[in-house]
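In the numbering used here, the protein residues as written are 590 to 759.
Just so it is clear, CB atoms sit at the ideal spot from N, CA and C, and this is done for glycine as well.
Beneath this line is the structure, given in structure tokens, with notes to follow.
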Amino acid sequence: MSAARDRLRAALQADRAANARYPKSRFVLGWLRRCQRWQGSRRPLGRAIYLAHAAGYKLVTEWIMGIEIPPTTRVEPGLRLRHGIGVVVNPATVIGRNVMLRHGVTLGNRRTPHDCPVIEDDVELGVGAVVIGAITVGRGARIGPYAVVVKDVPAGGVVRSPRSELVTES
């Protein structure tokens, strides 16, 4: 068995374990991994399999489920998707091991298509968090709900959005 197939199998097992109670997340990540398995194939059959998988993946996950994690994104094993609707990830983003993405998270570019974040291992991103630009979110960092991150976050750092305030009373 090839090293690539071994890596795929390990990633699938880690993703399944990380999303044990979330069948929708397991479905999305399983399909993502299968697309990644065939992505670099130079053989005509492998290329055809990739194109079929990628087209189906895009149709179902993006257009129907509202989850955008392109197959070309580098995603390490153990990604946890919690209520993944509205998750948008730029293909040039790098996602480490055991990262949690909650619904509405955006990981993307700031100026150029490849100006994207690196999310290190064991990071948690809250509902609606936005991380943009060529920045690094360090290992074990926590990004709170609706936080907008445009600068590096150190390992173990915690970022939160400003607290809500009452503007008018009736």
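With a cut-off of 8 Å, do at least 3 Cβ pairs link the region 698 to 716 to the region 667 to 685? yes
Supposed close pair ALA599, CYS624 - CB separation, criterion 8 Å: Incorrect: roughly 17 Å between the Cβ atoms, too far for contact.
Which residue wins for smallest C-alpha separation from TYR611, given the options VAL737, ALA736, PRO702 and MET689? MET689
For ALA606, tell me which candidate among TYR646, MET654, GLN628 and PRO666 has the shortest Cα-Cα distance. PRO666
Identify which residue in TYR639, VAL649, LEU668 and ALA744 has its Cα closest to the Cα of ASN608. LEU668
Simplified DSSP assignment, three categories, for VAL694: coil
Reference VAL603; option with closest CA among ARG632, GLY733, THR701 and LEU670: The residue you asked about is not Val; residue 603 is Ala in the sequence shown. Closest option to ALA603, Cα to Cα, is LEU670.
Quick check: what's the CA-CA separation for VAL676 versus ILE724? 19 Å
N-terminal and C-terminal residue of the alpha helix (DSSP H) that VAL617 is part of: 612 to 627
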